[in-house]
Ligand SMILES: [Zn+2]
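In our numbering, the protein residues as written are 227 to 317.
Written out as structure tokens, the structure is:
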């Protein structure tokens, strides 16, 4: 899955963003008999971007999503000014 990309219209930043997101995951919590935990096989069940702000100028309003790659499963969303953006991020 292509990673989401953003662009700041205010300062032209393409590479530094503070991303606030809600992520719902399911994972295999693997404990030792002594109680030490290792988290394995974490699956992202749901992920919602709440805010993306520019790391350089700090503006959350000037940041817009860029169409990612060429395999556009969501190609219709490009250019929608106020539309919600759902992005899945490979970890
Ligand atoms: Zn900026």
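Glycine included, every Cβ here is placed at the ideal spot set by N, Cα and C.
Keep in mind that this is a model prediction, so the values were computed, not measured.
With respect to residue 247, residue 255 sits apart: the two C-beta atoms are not nearer than 7 Å.
In this structure, residue 270 keeps its C-beta atom at 7 Å or more from the C-beta atom of residue 243. Of all alpha-carbon atoms in 240, 282 and 265, the one lying nearest the alpha-carbon of residue 251 is that of 265. Secondary-structure assignment with DSSP links residue 237 through no beta bridge to anything. No heavy atom of ligand 1 is found nearer than 6 Å to the CB of residue 279.
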